[in-house]
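Novice: Residue numbers (our numbering), protein chains in the order written: chain A, 1024 to 1311; chain B, 1024 to 1311. Let me give you the structure first, and then I'll get to my questions.
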DNA sequence: AAATAAATGGAAAATATGTTCCACGGGTGC
DNA sequence: GCACCCGTGGAACATATTTTCCATTTATTT
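Now the structure itself:
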């Protein structure tokens, strides 16, 4: 109990003082936070190597936080672990959870956990059922396009936003059809042969998206649809259709699988366009 | 993978030979079985004491099972742990191999699969490491806010967009600080006491986001940060900080965990506000 | 730009830890 | 009952790991 919080307290202190720390010690701090769970089994040398610093820097770090040396600090994490690993803990925790549930208030984390679980299942399904041929076709279509238009409204707008952002890292001209100022049609006007439209839509399908797809097809642009089913109105108006089935919990639809698919699409495209990943997402000042 | 089974194999061998062992070594065996999970952090002396034997008995035990000494046997358990504690590491190595093997055309689906895998691991980690207390605090902070401002730039903008969209289904007034027309400051101007700001940012942190956080705090609004670490500049300017560590493949950062966390946050909030899910996300004509 | 302070990394010193050796004792078989 | 063997534990030894020290580099201030 107290053991666990001692490690927590230390991590908090580290977070507080972080900015005042010299470069190398910041590196150590980052490593500790990242690998908190395995610090207890690692040697100073291993941690030093992982953090890219000299062993003595790790010792200095520990001393800066009031310990006589690394060993003493490590003991804090070791104790925290053994306290948690001891069989009594899980039992007590289960009991406590049950008690807390009795009060009628479902803890927020309970809801979150279930939702995350649902999302995981969604990703599992995505991994299992991805259509190789179609995915390849989708990548090829984008690779061959001069201009790429992206549309998605309401729930799908965030996804469209992301795709448009990601594609800015390629040489393509990218157009997010946002409808800003009520200008859906105007933003789409100049799409034509050699261009591609990415349309993301789920039932009940937004009429703006459907319009865009029809318009794009009429003007000989390739249409890539991202939706949940081969049936439905999007199939008719698309050249390639990628399916995503989202997991759901509390009757609330996830969006993680869609996001994941879109990112995968982008990575595959970047790879095909032979952008090195560094070019793709500069770790410099433009990334956030 | 193989690491885990090596420890298992050892435990099996111990079980088999158990009866043929001398009294003290049986004691060691019992202790190991009982405390399997914490062997990796314990010293020979501790284990010896726990089993009620002399340290050298423990060493003899290890040698009896083919190891040069206790250390070598302990390493088996340590490896088993680190293999399971940091699955992403072995994963990253696989990824690197794939990249280095670019002996020609890697099929797009191959890339997609890898990426989806990475995202899945990200979600696993999210589920495992979500901080109950903080999550609850985050939900409470939002539930208590009159106005909710949302900011995220570049990579994080899509997420901000989504949160703003989702929150429109509550009774709160929601403001997406988009920076449209260069009006970051202006959009943020009226934030004040009783309001909340949700800031999503990852390194290198966008200065607009940092500015917004500082401004919000100065005006006594609650600040909820969504980022990847307790360290870094966001910690100082936030009241609640939710951590998300994204999986990555091809050195390309995922966004699915963040998306998932934000959705979970929203669902938990909706639940707390006692919105029925039907009210929350009408499946009617406004959903897309 | 010089002076001062701080940070860094190599290597020696100190310590902790693991391992081996050996003397002792109890039990078993002859 | 004696001798032998195996198991046991103390202590010396060896090794691995941590810690300290100091020379060098790097940043900061005047």
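Positions of the beta carbon are idealized from the N, C-alpha and C atoms, including for glycine.
(1) For a quick check, are the C-beta atoms of residue 1182/A and residue 1235/A less than 8 Å apart?
(2) Which same chain residues, not among the five before or five after residue 1029/A, have their C-beta less than 6 Å away from its C-beta?
(3) Taking the alpha carbon of residue 1176/A as the point to measure from, which residue in 1170/A, 1168/A, 1185/A, 1169/A has its own alpha carbon closest?
(4) Could you tell me whether any Cβ in chain B is nearer than 8 Å to the Cβ of residue 1064/A?
(5) Considering only the beta carbon of each residue, do residue 1199/A and residue 1187/A sit closer than 8 Å?
(6) Determine the contact status of residue 1264/B and residue 1250/B, defining contact as a CB-CB distance below 8 Å.
(7) Using three-state DSSP, classify residue 1171/B as helix, strand or coil.
(8) Taking beta-carbon pairs under 9 Å, can you tell me which members of the segment 1166-1180 of chain A lie near chain B?
(9) Can you tell me where the alpha helix (DSSP H) holding residue 1160/A begins and where it ends?
(10) Using the rule of at least 16 other Cβ atoms within 10 Å of the residue's Cβ for burial, across every protein chain shown, is residue 1300/A buried or exposed?
(11) Exposed or buried, what is residue 1046/A when buried is set at 16 or more other beta-carbons lying within 10 Å of its beta-carbon?
(12) From this set, 1146/B, 1077/B, 1285/B, 1102/B, which residue's C-alpha is nearest residue 1059/B's C-alpha?
(13) Please look up how many angstroms separate the CB atoms of residue 1278/A and residue 1244/A, rounded, as I've assumed it's under 8 Å.
(14) Is residue 1149/A buried or exposed, if buried means 16 or more other CB atoms sit within 10 Å of its CB?
(15) If you measure beta-carbon to beta-carbon, which residues of the segment 1130-1145 of chain A are closer than 9 Å to chain B?
(16) From which residue to which residue does the beta strand (DSSP E) around residue 1247/A run?
(17) If you draw a straight line from the alpha carbon of residue 1281/B to that of residue 1091/A, how long is it in whole angstroms?
(18) One question on the structure: do residue 1214/B and residue 1197/B come within less than 8 Å of each other, judged by their Cβ atoms?
(19) Verify whether the separation of the beta carbon atoms of residue 1292/B and residue 1106/B is less than 8 Å.
(20) Suppose you measure from the CA of residue 1141/B to the CA of residue 1205/A; what does that come to, to the nearest Å?
(21) Could you check the C-alpha separation between residue 1139/B and residue 1256/A for me, to the nearest Å?
(22) Taking the beta strand (DSSP E) that residue 1220/B falls in, what are its first and last residues?
(23) How would you write the range of the alpha helix (DSSP H) that residue 1051/A sits in, first residue to last?
(24) Spatial neighbours of residue 1161/A within its chain, please: CB distance less than 7 Å, with the 5 preceding and 5 following residues excluded, ordered by chain position.
Specialist: The structure says:
(1) no
(2) 1099
(3) 1185/A
(4) yes
(5) yes
(6) yes
(7) strand
(8) 1175, 1176, 1177, 1178, 1179, 1180
(9) 1155-1166
(10) With a pLDDT of 44 at residue 1300/A, under the threshold of 50, the predicted position of this residue should be treated as unreliable, though the coordinate-derived value follows. So residue 1300/A ends up on the buried side.
(11) exposed
(12) 1102/B
(13) That belief does not hold up - the Cβ atoms of residue 1278/A and residue 1244/A are roughly 26 Å apart, past 8 Å.
(14) buried
(15) 1130, 1131, 1132, 1133, 1134, 1135, 1136, 1137, 1138, 1139, 1140, 1142, 1143
(16) 1245-1250
(17) 39 Å
(18) no
(19) no
(20) 38 Å
(21) 27 Å
(22) 1219-1223
(23) 1046-1057
(24) 1247, 1263, 1265, 1288
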